[in-house]
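Notes for the one structure printed next.
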Amino acid sequence: MDCAGRDGNASLNTGIEATQGMHLSKPLPFPTFTDQAPGGMSVADLPLQELSGANTTLKHFVDIIHDVAPPNKSDIESAVTKGNWSPKDIPAPFCHKTDMEIKLITQFVVLPQQNDKVTVIKHMYCHEFKLNKSTVESLCHSEPQTLRWHGQAMNCRKAWQWFLEQLGGWQCRQYALTHVLPHQKAAADAGGSFMSNLTEEDVDKGFQFIADEALVDKSLRAIQTDGVLALPVEDFFFTLADVDLDVLDFAVRPIIKTMKTVAAGILGGPGSGKTPLARIIALCASRYWKRELGISSPASFREASEFDFFRGQPGRKDRPDVHDDGRLAEEPIRKMKGFTDVGCTMMTKERWGAAKFVQGQMRVFVCNDYVFTEALKQLQDHRSGSISYLTHEEFLDVIAPMFPKDTEDPHKMAVLKRSNILVSAGNCLLFRRFTQEEITVPCLSMGASAEFLKPSSGDRYQQYRDTNVSMHPNFQRDVQWEADYVDAILNGKTPPRPGITIINSNAIRQLFHGDTPASKSSFAAAASHQQLSRSGTPPPKAPSAATSSNEPPAHIKQEPIAFNRKLSSLSGTIIDLDSPPPKVSRRNSAIDVHSGEILAEPAHTHFAEPVGPPSEAPSQGSPMDVMEEELHDPMDDLEKLLEEDMDRHFSVILLMSHRVLCRGNLLWMACHLKRSIVCIHVPLIFLSFTMPPKEKFNPFPPPKKGVRRMIAKRPAAMKSAIWNKIPYVKDNNGGHVRLEKAKWRRTIQELLSASNENCGRCNKKGCQRYFLPQHLHPFFTATNGPEGHSLQMQAAALLLRLLNVPLSSIHLLTHINHKALERLNRNILLMRKGYVQKAEKEIKFEGCPRAWKEVEADEATFDKKTLSPQELGVNHDKPVLWEQWGAIVQRGAPETLVLTKLNPAMTVPRAPGPGAIRKVDWKPLALKHIANRNVILHTDSARSYKMKLPGVVHDAVVHKKKRVKKNGKWVWLKPTFVRISKHKLPDGRRISCKAGTQIVDRAWKFIKARLTRNQYVKASSLLLAAQIRSAQWEYWNRQRDLWLCTGHVVASYMEGIVRR
309 MDCAGRDGNA SLNTGIEATQ GMHLSKPLPF PTFTDQAPGG MSVADLPLQE
359 LSGANTTLKH FVDIIHDVAP PNKSDIESAV TKGNWSPKDI PAPFCHKTDM
409 EIKLITQFVV LPQQNDKVTV IKHMYCHEFK LNKSTVESLC HSEPQTLRWH
459 GQAMNCRKAW QWFLEQLGGW QCRQYALTHV LPHQKAAADA GGSFMSNLTE
509 EDVDKGFQFI ADEALVDKSL RAIQTDGVLA LPVEDFFFTL ADVDLDVLDF
559 AVRPIIKTMK TVAAGILGGP GSGKTPLARI IALCASRYWK RELGISSPAS
609 FREASEFDFF RGQPGRKDRP DVHDDGRLAE EPIRKMKGFT DVGCTMMTKE
659 RWGAAKFVQG QMRVFVCNDY VFTEALKQLQ DHRSGSISYL THEEFLDVIA
709 PMFPKDTEDP HKMAVLKRSN ILVSAGNCLL FRRFTQEEIT VPCLSMGASA
759 EFLKPSSGDR YQQYRDTNVS MHPNFQRDVQ WEADYVDAIL NGKTPPRPGI
809 TIINSNAIRQ LFHGDTPASK SSFAAAASHQ QLSRSGTPPP KAPSAATSSN
859 EPPAHIKQEP IAFNRKLSSL SGTIIDLDSP PPKVSRRNSA IDVHSGEILA
909 EPAHTHFAEP VGPPSEAPSQ GSPMDVMEEE LHDPMDDLEK LLEEDMDRHF
959 SVILLMSHRV LCRGNLLWMA CHLKRSIVCI HVPLIFLSFT MPPKEKFNPF
1009 PPPKKGVRRM IAKRPAAMKS AIWNKIPYVK DNNGGHVRLE KAKWRRTIQE
1059 LLSASNENCG RCNKKGCQRY FLPQHLHPFF TATNGPEGHS LQMQAAALLL
1109 RLLNVPLSSI HLLTHINHKA LERLNRNILL MRKGYVQKAE KEIKFEGCPR
1159 AWKEVEADEA TFDKKTLSPQ ELGVNHDKPV LWEQWGAIVQ RGAPETLVLT
1209 KLNPAMTVPR APGPGAIRKV DWKPLALKHI ANRNVILHTD SARSYKMKLP
1259 GVVHDAVVHK KKRVKKNGKW VWLKPTFVRI SKHKLPDGRR ISCKAGTQIV
1309 DRAWKFIKAR LTRNQYVKAS SLLLAAQIRS AQWEYWNRQR DLWLCTGHVV
1359 ASYMEGIVRR
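Each residue of the sequence shown is one higher than the one before, starting from 309 at the first, in my numbering.
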């Protein structure tokens, strides 16, 4: 065995002296790996000693193994990074010899030997307790050794770490040695170095004293209480089926639709149901994610009044967090922005750590912080069911107390961008959807009060607050309906509507068959119904009709709270209509069987009369009841049909005779049929589709296409004959050819099926060697390896690239290596750039000798770059560099497009752009290309273009709307893009043309569509200039065969390096 290294003469004092002024870190969260040459230390230099007696206990021990086969470093690094040290995860001797439930901090050094094997030095440390000798031997692959302590525990540990680092080789380190800075050293000197002067035995005695005094148990109990703060809540048996229908469609539905990326905020006064609504939304999101992720545990959420209480456990997608009963204005605005950013994983800094909220986790905040402004007071008197709007500023005034004092508007808009906010203010509901725009906020009037829960659900919530947390019988059915509702909303489908169950043993019978036999008086019936609804127990038997026939009937007005908005309940709600109405004249009134109130009826409305003499009291039975033989009553079918329709559609509209009344926030439909009157009420928001349209129905709608549409369509503005007479482009050298009608010289089928027989041959005397066609070619190569491909495939890739097919798509179509495609694209860009710069020098704006050419000029900005202080030099306050180019093109001749890179002024970081072209850039460009060439120059209104040039006539258009005063009012004038301009030429002639920059603007659009900006293509870079020049070349040849044009470019390039 030949061990790496040599026998040294180093001692422990050498390491202690070398680590003076250094700090040993705590165990790193992840191990670090280094691979370097063997250092100046050897295994013999390590301060080690063998274990003494059998009763020895220790925390640090070292295992040295020789003659080990070279390991697979990547596999070991991957396993160690995950914290796996067991024999099944990494090979011996890097793993622990025995897999024990002992937490060890392990670091190792691997040194090469001369026999092509390695030596492994493993240092293991158990920081929880000391291990006996037998346990240490079972963990080591060789004879274990321990450190040679010299009394100074911390100094020895730093020296040992220094020795390990000096060994070199491949190392896995769990600690780091760092130099102490001067200010840190001064603080350490001021505080003393007590621990560094203690022996390890003294340190152990201190910890033993803490254990004897039960301080550890107390500390652990405090940590346990402090670590688990906001506990999950599972026993809240409410669903979306318990939410009021108006609230569900107005606010909760859009909240559920965006719960994956947007938070929710609920504001309002006490008693409006904010907390149960927030919990219902949180549990709805929890149940959805548990279904999506396949988690079988119960749905839950966490609730706390401060963000600090959420730090006990990290957030989970299937367990939303609710911030309730807190004071958001006392929290930093950065916490509000982080909490509401559901689309990202966010962390908020707390007292002893941080609270973590994961991406996609639903988050809801609830508070009472809002202001009842004058705008809200004006909305309180609006008709129930109507929708009004508040401006953005009025809504900000309402929720102003929610934000910390002096919060700037950008921070407020950041919260509004990330959250849907629902505000309950009096009898109004305000809902603002998430957006960073300043939008109006709708306000729904709810009648008497704006409550989030149904009346029956509100009663159950009060029982829940009284520690009655039992599950109601229809809970599972409500959960299933909620799942169908949420899935339909998230998938863009129509959500299911809830159904209604009506128990009406007497009411519907009375509706279709007249009054039932009076088994009990109206007073007893009303009293028994109230007793059943309040106590839930059957009422006592009422006295017979014979005993109470002489007594006048008592009419009880039932309480509106017990029956208010009953039919707005969702699936599973049971409504009892078995309540006798008070005796009133049916000719002058309608009876509401839900509340017992008499609804006033206009005098001209007539209803059907009851059977029998009108002067007598209502009979105790129908004339059909005396028949011994049971006959089929056709009204029975109508009764069943009524119940089915009520289960399907929420409401019944009987067209035999009806009237519609509006009371509160509900639509009351009083329907009189045969002998009874039934009032059915449903939310207005669900009956909007039944309202008649405002405009008259047109059986022949206007056509949307075809000749009739062309006849009926009127132009946006009437153009004069002079406008139509003057063309925009006078010298059009050719029409536009549609791509589906164009044909190129080569197709992809021809290129892929080409043969390899055609080889070149050198014609030099004495050479006559054969060579490949792609020899010295700028695009095609003849290499081996992953980047080597046949000439046919390379030609097909070139053809696809000429058609602007993305490189990723070409890779998928041809399986050509992506590096080969990137090299091909780069060569195309650079070759086109060189060709364009050479050909641009020969461009002239030509025409007839006496003809004046119309030329357009403009500038465009493509990218910007912020320079570092080292690159800036002097101008530190303006670090932004812009990529700006100028263009000149003759109308009707795209091959005359000339581009020049400009040198714009540098700006501050938030500047919108570098501004228009400067005169110092425009003057040399204009003198070179358009001066003394009989040019009519069309530009925008930049001042630099107004420079006087010989042989140039100039006009301009204003690309900016302008605010002017007209008839005493300020109005905006639309920008001008094209106008008729008249010029007087130097020879006395007059010419009319259309001023504008439409041609050059479309050229900029053409160029920008072909640019791809990334870390390599940016302002002042070579590749960005190459892309712009390449797009310029495509603009020149946009109506030509680019395969042939590319051949001309290659021929021009080859002329510079070879001869024919």
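Quick reminder that beta carbons are idealized off the backbone N, C-alpha and C, glycines included.
Remark: C-beta atoms of Ile641 and Phe545 do not approach each other more closely than 9 Å.
According to the DSSP assignment, Thr454 belongs to the beta strand (DSSP E) that extends over 453-455. Counting other Cβ atoms within 10 Å of its Cβ, Phe1008 stays below 16 and is therefore classed as exposed.
A direct Cα-Cα distance of roughly 26 Å separates Arg1109 from Glu1191.
Annotated three-state conformation of Thr1122 is helix, per DSSP. Distance between Phe1079 and Thr342, taken at the CA atoms: about 49 Å. Straight through space, the alpha carbons of Ala1105 and Thr1122 are spaced by roughly 7 Å.
When the Cα atoms are used, Arg587 and Asp1309 turn out to be separated by approximately 55 Å.
Proximity to Cys448 across Trp457, Leu1111, Tyr433 peaks at Tyr433, based on C-alpha coordinates. No Cβ-Cβ contact shorter than 9 Å links Ser350 with Thr486. Remark: C-beta atoms of Asp705 and Val679 approach each other more closely than 9 Å.
Leu684 has its alpha-carbon roughly 40 Å from the corresponding atom of Gly620.
Looking at the DSSP output, Tyr697 sits in a beta bridge with Pro750. Linking Tyr1343 to Pro1202 through their CA atoms gives a straight-line distance of about 7 Å. With contacts defined by Cβ atoms closer than 9 Å, Trp468 and Gly323 form a contacting pair.
Considering only Ser1176, Val1265, Ile1244, Ala1168, the residue with the shortest C-alpha distance to Pro1222 is Ala1168.
Taking the C-beta atoms as reference points, Lys430 is found nearer than 9 Å to Pro401. Ranking Gln453, Asp633, Phe615, Ala484 by CA distance to the CA of Gly581 puts Asp633 first. In this structure, Thr454 is the residue among Phe416, Thr454, Lys1172 with its C-alpha nearest to the C-alpha of Leu356. DSSP, reduced to helix, strand and coil, places Pro1232 within a helical segment of the structure shown. Restricting attention to Asn728, Gly766, Pro763, the CA atom closest to the CA of Pro750 is found in Asn728. The three-state reading of DSSP puts Gln344 in strand, counting E and B together. Between Phe742 and Arg726 the beta-carbon gap is near 6 Å, inside 8 Å, which marks them as a contact. A direct Cα-Cα distance of roughly 22 Å separates Leu575 from Ala538. Beta-bridge pairing by DSSP links Phe665 to Met654. DSSP, reduced to helix, strand and coil, places Glu1130 within a helical segment of the structure shown.
Asn1275 has no beta-bridge partner at all, per DSSP. Put simply, the stretch 546-565 touches the stretch 785-796. At least three CB pairs are less than 8 Å apart. Following the DSSP letters along the chain, one finds Cys736 inside the beta strand (DSSP E) bounded by residues 736-740.
Residue state for Lys1161 is assigned as strand, using DSSP reduced to three classes. In the structure shown, Phe1079 falls within a strand segment according to DSSP collapsed to helix, strand and coil.
Taking a C-beta distance under 9 Å as the contact criterion, Gly1194 and Thr1215 do not qualify as a contact pair. For Ile413, DSSP records a beta bridge to Tyr433.
Look at His1097 here: in three-state DSSP terms it is coil, with no helix or strand label.
Exclusion of the five residues before and after Thr1247 leaves Ala1165, Tyr1253, Ala1264 as the residues of its chain whose Cβ lies within less than 6 Å of its Cβ. The straight-line gap separating the alpha-carbon atoms of Val388 and Pro339 is approximately 8 Å.
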